[in-house]
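For the sequence shown, the positions run -28 to -1, 1 to 511 when mature numbering (1 follows the signal peptide of the UniProt record, and there is no 0) is used.
The beta-carbon is built from N, C-alpha and C at its ideal position, and this holds for glycine as well.
Small disclaimer: the values here were computed from a predicted structure and weren't measured.
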Amino acid sequence: MRFSSKWLKAAFPALMLSATLASGNVFAGEKADGVKTDAHQHRYIDVQLLGINDFHGQLDVTRNVGGKAVGRADYLAAYLKLREAENKNTLLVHAGDAVGASSPVSALLQDEPTIEFLNKLGFDVGTPGNHEFDEGVGEMLRLIYGGTHPKTGYFRGADFPYVSANVIDKKTGKPLLPPYVIKKVKGLPIGFIGVTLSDTPSLVAPSGVAGVSFTDEAEAINEAVKQLKRRGVRAIVVLAHNPGVSNKDGSNASGEIVEIAKKVDDEVDVIFAGHNHAYLNAEVDGKLLVQSYSYGTAFSDVDLKIDRRTKDVVAKKAEIVTTYQDGIKPDAEITKLIDKYEEKVAPIINQAIGTAKTTISAEQNASGESALGNLIADAQRTAMKTDFAFMNPGGIRADIEQGEVTWGELYNVQPFGNQLVKMTLTGGQIRNLLNQQWQSNQTRMLQISGLTYTWDASKPIGDKVVDIYLPNGMKLDPNAEYTVTANSFLADGGDNFTVFTEGKNREVGPVDLDALVAYIQQLPQPFDANIEGRIQKLR
């Protein structure tokens, strides 16, 4: 609930006195011997929320931040357990994409290892992101509630609830999952509402969202808030798989989650965001918004002070904590879990495929071209023997590091298992396709093979592409037909590239990862890829 800065200033001395007197005593309202003390001193309780987002099954993956090793599930676990030990009034939450585009140690086992990891840490509530739908609603529900899969057998599911107020079952017209859950801390109720990115149908294959629809996030949150208020809940937290970003000092907060925060009931106190893998720690319209990057490289530590009388939040603050590996020991229980699953998949992921001369990066230059994007697009065009190939940047999930390249490393680059699709498009359709890269709310630069083009940033959306050239230097003929390769996600119009749905003479080919593996194996070793000027920004 929103409260004035004037009230906070007046209450601050009492809040600090209460926090000081209660420190070291987890029972906040009683002395160690159980005798009640002055009621005023114990009017408030301190609650800690530890949150992650966009973990993406990165159980065994270490990343580099500022030259330091960061992440890996056993280090994340160590950090969370240390913070949890500081306040027994702690709840663990996640804001979606816990699985999907996962490391092979999780993905090859249907992401069951990641759910087991969350279970072992004692997570209290989560919400699905768009990637939870990658393999369809049925598989998502199996991971949540338990069930049998042909590859892995029976799995018991998550030990904690998933909530989402805006994912609707088309058969019943009701939310597929509970819209909210109420958790009690020292007898005080805290409501947790979940929402999933309403854009999800454009981000996953149609089969992934078959049978469900996605409603407006803010409207769904407000309806859930009404229900919680009727049940006497005043402390309300939202887990929203929607993007947002801010400066480190909390300024310049922007993104979908900011607009959602402005629309939702002021009874909402905190919103955990996700999806764009960014830093967010800001207050917007009286709500505290947080997001902690991705892949377990950081977590959000939110501290709430709740009034026992009103059951409402009267103070809140947050810290985004990076999980540097130096200076902390990995959690032994989770290390053992990782080792167990690494051993299971080792024969597959350790196969040597080639040797990279240098690190091949997915980072795009100012024009929108990346070395790794070129390599992948070339691999797909070669596999399907087409004139051109197009690759969505969101499907490239990791760089290829210098040195020996294993199958497992390439899986981390392309983990979705999309099949390649060959089709025919006219030159005019290809121009329209390239112009679809610039959309009203986002720019997504396709990685290309078999053509080059120039574009002008000063031109309006829908008309930014200037000239398109064939390998022989001739311009693309708008009336001629060309063969094109795209993965099945793009071929179905994913990321709003709807021109692909107009393609004719479709043929289905190999899985994208298999095409990349085969292409690298036939390259002279060590292999390399570079930015070549395939995409050129004029101004």
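Going by DSSP in three states, T426 sits in which element: helix, strand or coil? strand
For L22, name the three-state secondary structure that DSSP assigns. strand
Taking only the alpha-carbon atoms, compute the straight-line gap between T124 and V139 and give it to the nearest angstrom. 27 Å
Let me know the secondary structure DSSP gives I17 once reduced to three states. strand
Identify, in the order they occur along the chain, each residue of the same chain with its Cβ nearer than 7 Å to the Cβ of N407, setting aside the five sequence neighbours on each side. G434, D435, K436 and V437
Would the segment 22 to 33 count as touching the segment 258 to 272 if we require 3 or more Cβ pairs under 8 Å? yes
Do the segment 146 to 161 and the segment 68 to 79 make contact, defined as three or more Cβ pairs closer than 8 Å? no
Going by DSSP, name the residue or residues bridged to A290. V274
Use the C-beta contact count for Y126: other C-beta atoms within 10 angstroms, 16 or more gives buried, fewer gives exposed. exposed
So, do the segment 54 to 64 and the segment 27 to 44 have three or more beta carbon pairs nearer to each other than 8 Å? no
Looking at C-alpha atoms only, which residue of D26, F461, T282 and D275 is the closest neighbour of R55? D275
If you follow the beta strand (DSSP E) that K155 is part of, which residue opens it and which one closes it? Y152 to V157
If you compare alpha carbons, which of A452, V377, D141 and T168 is closest to A328? V377
May I have a chain-ordered list of the beta strand (DSSP E) segments no shorter than 3 residues that lie completely inside the segment 379 to 438? 391 to 398, 419 to 421 and 424 to 427
Buried or exposed: which applies to K288, given that a residue is buried once 16 or more other Cβ atoms fall within 10 Å of its Cβ? buried
Tell me K259's beta-bridge partners as DSSP assigns them. V256
Whose CA, out of A130, D486, L93 and A245, lies closest to the CA of A225? A245
Between G380 and P76, is the Cβ-Cβ spacing less than 9 Å? yes
If we count the other Cβ atoms within 10 Å of its Cβ and call it buried at 16 or more, is I300 buried or exposed? exposed
Which residue from A490, N451, N444 and L405 puts its Cα closest to that of D350? A490
Euclidean distance between Cα positions of T473 and A463: 6 Å
Counterpart residues of G125 in DSSP-defined beta bridges: H121
Tell me the DSSP secondary structure of L175 in three-state form. helix
What three-state label does DSSP hand H103 in the structure shown? helix
Contact belief for E239 with I208 at Cβ below 8 Å, rounded distance in angstroms: 5 Å
Please go through the same chain and pick out, in chain order, the residues whose beta-carbon is closer than 6 Å to the beta-carbon of K(-23), but skip the five residues on each side of it. Here K(-23) scores only 30 on pLDDT, less than 50, and its place in the model should not be relied on; the value that follows carries that caveat. Once the five neighbours on either side are set aside, K(-23) has no close Cβ partner at all.
Own chain partners of D141 with C-beta closer than 8 Å, once the 5 adjacent residues on each side are dropped: P147, L148, G183 and V184
Quick one: any contact between the segment 187 to 204 and the segment 103 to 120, if contact means 3 or more CB pairs under 8 Å? no
Are there 16 or more other CB atoms within 10 angstroms of the CB of A192, so buried, or fewer, so exposed? buried
N- and C-terminal bounds of the beta strand (DSSP E) containing G43: Looking at the DSSP string, G43 is not in any beta strand (DSSP E), and its letter there is neither H nor E.
Among G367, T307 and Y441, which has the Cα closest to the Cα of L344? G367
Name the one or two DSSP bridge partners that Y134 has. G98
Between which two residues does the beta strand (DSSP E) containing G163 stretch? L160 to T168
My understanding is that Y162 touches K155, with C-beta atoms under 8 Å, so please give their C-beta distance in whole angstroms. It is Ile, not Tyr, that sits at residue 162 in the sequence shown. I162 to K155, Cβ: 5 Å. Contact.
Determine the extent of the beta strand (DSSP E) in which P482 is found, giving its start and end residues. K476 to V483
To the nearest angstrom, how far is it from the Cα of K316 to the Cα of T282? 52 Å
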